[in-house]
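Offset between the sequence shown (1-based) and the working numbering: plus 58. By construction, the Cβ of each residue, glycine as well, lies at the ideal position given by its N, Cα and C atoms. Below: one structure, written as structure tokens.
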Amino acid sequence: MNTPTHIKFDKNQLDKIGNTAVYLCNRIKNLSKARLLGLFYILDERSICKSGIPFLDLTYTVGQSGLNSTALFVDLASNSFFYLGDYIEEKHSEEMDYIMPLQEFYDDEFTENDIALLDQMIVELGDKSQQELEEHFANKIALWYHTAKDNRVFVNLKLQPNSPTGFVIDMSLLIADAPRKLLIYNGLRYYN
């Protein structure tokens, strides 16, 4: 079983994660914690495909509803956020629970390409439901699907739906056929 590599975040990474959450909360109405985590994954996925450089550089594992990012999944599953508590808070209504920003968006950790990628993703996926995002992960060409299939965890996920598997999604497979991007990605992973 692979073990997640990012359990603790340095200040710059946490600022980027937190401000990404703020940016998305400001632009996507009724954003749930589960949708936020799914959008984080898609940002990393798209950024790696585009340049070989992860957007947030999180480690994702196979989970019942798509994916987990170990430290953030635990944080988002709790009632009070440890990592993201300075950036977002959860609000409750009769219809749903959603997250709201606690501070203004600061772009210190973001390039113009980062903002463009965020905006593109918001246009394409901002109105998608959690179920629609989960379909993205369960698609037979998705890394989540292949990781779950290769590690034979589908039965376990059905029998124990809330149990994490610990199987890390190897994001480098997204760019296995792009040697330059793969070199960049592996170089960044080596130094992190």
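Each of Asp144, Gly184 and Tyr164 was checked against the Cα of leucine 89, and the nearest Cα belongs to Gly184. Per DSSP, reduced to three states, the secondary structure at threonine 119 is strand.
If you look at glutamate 170, you'll find it in the alpha helix (DSSP H) that goes 170-183. Counting other Cβ atoms within 10 Å of its Cβ, serine 105 reaches 16 or more and is therefore classed as buried.
Its chain contains Asp144, Tyr145, Ile146 and Glu147 as the residues whose beta carbon lies nearer than 7 Å to that of leucine 160, once the 5 sequence neighbours on both sides are disregarded; these appear in chain order. Under DSSP, tyrosine 156 shares a beta bridge with Lys149. In the structure shown, valine 211 falls within a coil segment according to DSSP collapsed to helix, strand and coil. Counting along the chain, no alpha helix (DSSP H) covers alanine 200, and no H or E run does either. The C-beta distance from threonine 205 to isoleucine 227 rounds to 5 Å, short enough to fall under 8 Å. Annotation: tyrosine 118 to glutamate 152 spans about 31 Å, alpha carbon to alpha carbon. By the Cβ neighbour-count rule, lysine 69 is exposed, with fewer than 16 other Cβ atoms within 10 Å of its own.
9 Å or more divides the Cβ of glycine 110 from the Cβ of leucine 201. Taking C-beta atoms as the reference points, tyrosine 141 and isoleucine 242 fail to come closer than 9 Å. Residues of the same chain with a CB within less than 8 Å of the CB of alanine 236, apart from the 5 flanking positions on each side, are Gly110 in chain order. Here tyrosine 99 is near leucine 116, since their CB atoms are less than 9 Å apart. One thing to note: leucine 101 has its Cβ within 9 Å of the Cβ of leucine 175.
Of the other Cβ atoms in all chains shown, 16 or more fall within 10 Å of the Cβ of glutamate 103; this residue is therefore buried. Using a Cβ distance threshold of 9 Å, aspartate 166 and asparagine 84 do not count as a contacting pair.
Looking only at Pro112, Asp73, Ala79 and Phe139, the smallest Cα-Cα distance to glycine 245 is reached by Pro112. Of all alpha-carbon atoms in Lys87, Asp73 and Cys107, the one lying nearest the alpha-carbon of lysine 186 is that of Lys87.
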